[in-house]
Amino acid sequence: MSGRRLQGENLHLWRGERHVLRAVEFDLRGGEVLQVTGANGAGKTSLLRTLCGFMYPEEGRVLWDGADVRTDMQTFHGDLAYLGHEPPLKADLTGRENLRYWVGVRRRLSTSDIDTALENVGAAAFGNRLVRTLSAGQRRRVALAGLSLLDADLWLLDEPTTNLDAKGQQLVSRLIEEQAARGGLVVAAVHHPLDIASTRLRPLELAA
C-alpha cells in the first residue's frame, strides 16, 4: 500500500458561472494525509467529488499511481472509500446489517470482522438497532466502522467529524492515523484542523 500515489494537476472546475476550483495542485503519497480547508463555499466538497470522478474538471486531471483515473474508473473506485456528509446507511436496516451489505459487496466479511469494527468505533452497544432509531452521532460511528472494514488504500472524507462529540472527534483522528500508518492515503475536507502527526499532514487551503 505504501507505494500508492494520488495527484491533482492544475484542477479547474466551474459550477455554472462560478469558478470553484482554481489551479488546484497536490501530490499525496502513501502514509500522508491531505487536510483540505477553506471557508464555506470554497469548493472542499467539489474537490472531493472531482477526485472521486463524480464531477469532471474543465481543466487538469487526477492521477492515481501516475495514470489518469478516467482511463480505468472502475479499478480506481475499487481502491477508494468515500464518506460524505450523510452516512451511506439504510434507515430500515440495523447498523450491523448495513455493514454486512454495504461492505459485503466489496469483500467477504465474517461476524467477527463486524463485531471488531463496531467495538473499535464505540458502536457495539447499538449495532443491532435500526439506523432510523440512532442519533446522528451514532450513525456516524457505524459509518466509520464501515470505512475501516472497506480496507481501501485511499480514503476521501467530507467533514468526517460532523455530529460527533469530543471523543468521537478523537476517534476520527485515531482512525486516520491508523490508515496512514498502514501506508494508506487520506484526503479530508475539514472545518477544524485534524489532531494528527504533523509529519503526516499535507495542508491544502482553498480560496473562496
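Remember, the working numbering sits 11 above the position in the sequence shown when you count from 1. Here a beta-carbon is modelled for each residue, glycine too, at the ideal position from N, C-alpha and C. These numbers come from a predicted model, not from an experiment.
Within this structure, are the beta carbons of G42 and L196 separated by less than 9 Å? The residue labelled residue 42 in the question sits at position 31 within the sequence shown. The residue labelled residue 196 in the question sits at position 185 within the sequence shown. Cβ distance < 9 Å, so G42 and L196 count as in contact.
L161 vs A92 beta-carbon contact at 9 Å: Taking the sequence shown and counting its residues from 1, the one referred to as residue 161 is at position 150. Taking the sequence shown and counting its residues from 1, the one referred to as residue 92 is at position 81. In contact: L161 and A92 (Cβ atoms closer than 9 Å).
In chain order, what residues of the same chain lie with their CB nearer than 7 Å to the CB of Q190, ignoring the 5 residues before and after it? What you label residue 190 is simply residue 179 of the sequence shown in a count that begins at 1. Cβ within range, chain order: W166 and V197.
Whole-angstrom C-beta distance between T105 and R140, which should lie under 8 Å: To locate residue 140, count along the sequence shown from 1; it is residue 129. To locate residue 105, count along the sequence shown from 1; it is residue 94. Sure, about 6 Å apart at Cβ, within 8 Å.
Consult DSSP for L202 and reduce its assignment to one of helix, strand or coil. The residue given as residue 202 occupies position 191 in the sequence shown. For clarity, residue 202 is His in the given sequence; the question names Leu instead. Correct three-state label for H202: coil.
Give the secondary structure of F137 by DSSP, where H, G and I count as helix, E and B as strand, and everything else as coil. As a working mapping, residue 137 is identified with position 126 in the sequence shown. Three-state result, F137: helix.
Could you check which residue in D126, R211, L217 and V35 has the C-alpha nearest to that of H202? The residue given as residue 202 occupies position 191 in the sequence shown. It is L217 whose Cα lies nearest to the Cα of H202.
Take A163 and list the residues in its own chain whose beta-carbon comes closer than 7 Å to its own, dropping the five residues that flank it on each side. On the sequence shown, residue 163 is found 152 positions in, with the first residue counted as 1. Once the five neighbours on either side are set aside, the close Cβ partners of A163 are D90, L91 and A92.
Rounded separation between L24 and L45 - CA only: Here the question's residue 24 lines up with position 13 in the sequence shown. Here the question's residue 45 lines up with position 34 in the sequence shown. L24 and L45: Cα-Cα distance of roughly 19 Å.
Outcome for A78 when other beta-carbon atoms lying within 10 angstroms are tallied against a minimum of 16: Counting from 1 along the sequence shown, the entry for residue 78 is found at position 67. A78 comes out exposed.
Would you kindly check if the distance between the Cβ of Q149 and the Cβ of A135 is under 9 Å? Looking up residue 135 in the sequence shown gives position 124. Looking up residue 149 in the sequence shown gives position 138. No.
Just to check my reading of the structure: A154 and P98 have Cβ atoms closer than 8 Å, yes? What is that Cβ distance to the nearest angstrom? For the purposes of this step, residue 154 is identified with residue 143 of the sequence shown, where counting begins at 1. For the purposes of this step, residue 98 is identified with residue 87 of the sequence shown, where counting begins at 1. Confirmed, Cβ separation roughly 3 Å.
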